[in-house]
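Numbering (the working numbering), first residue to last: 2 to 141.
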């Protein structure tokens with residue numbers, strides 16, 4: 002499997018850096034964003050180091066989208082959100098050059114406007130873990 006030892010997400014996938022993992026599958030991993038737009042903001046990444054969506058191998062496309070669907074459902078079922086915002090940057094505005102899909106819980110009137118993303122930090126690691134637990138339960 003192709004990995005990049007300098008990539009933050011590859012290091013999270015390898016267990017070298019801490020993260021609140023909510024989905025751990027053979028080809029994909031999802032974890033809570035360290036700087037969430039809203040609490041419960043999840044990043045979905047392929048285990049393999051892939052930089053952009055056009056680089057994603059054909060064999061991973063269906064599984065990647067299916068996992069994104071499950072995460073979008075989990076933020077509603079597990080966190081009580083009314084919906085979700087699902088987004089992905091490719092090269093421009095891509096803070097980590099490893100393909101990642103954002104699943105952000107949304108509630109009407111939450112203040113998210115356009116692409117000006119506020120950041121809502123967790124109070125501490127215990128609160129972050131509680132959000133991770135709720136999402137893992139919703140994912141089954």
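The beta-carbon is built from N, C-alpha and C at its ideal position, and this holds for glycine as well.
For residue i, which three-state DSSP category applies?
| i | result |
| --- | --- |
| residue 39 | coil |
| residue 48 | coil |
| residue 72 | helix |
| residue 140 | helix |
| residue 114 | strand |
| residue 102 | strand |
| residue 132 | helix |
| residue 17 | coil |
So if DSSP puts residue i in a beta bridge, which residue, or which two residues, is it bridged to?
| i | result |
| --- | --- |
| residue 107 | 84 |
| residue 31 | 24 and 45 |
Excluding sequence positions up to five away, which residues of its chain have a Cβ less than 8 Å from the Cβ of residue i?
| i | result |
| --- | --- |
| residue 71 | 24 and 140 |
| residue 83 | 77, 107, 108 and 109 |
| residue 37 | 105, 120, 121, 122 and 123 |
| residue 56 | 100 |
| residue 94 | none |
Taking 7 Å as the limit between beta carbons, can you name the residues of its chain near residue i, skipping five residues before and five after?
| i | result |
| --- | --- |
| residue 50 | 3, 4, 5, 8, 11 and 99 |
| residue 40 | 121, 123 and 132 |
| residue 48 | 2, 14, 28, 29 and 30 |
| residue 54 | 89, 91 and 100 |
| residue 114 | none |
Given a cut-off of 7 Å on the beta-carbon distance, is the pair residue i and residue j in contact?
| i | j | result |
| --- | --- | --- |
| residue 45 | residue 68 | yes |
| residue 87 | residue 73 | yes |
| residue 136 | residue 79 | yes |
| residue 129 | residue 26 | no |
| residue 104 | residue 43 | yes |
For residue i, which residues of its own chain have a beta-carbon under 6 Å away from its beta-carbon, when the five flanking residues on both sides are left out?
| i | result |
| --- | --- |
| residue 102 | 45, 69 and 89 |
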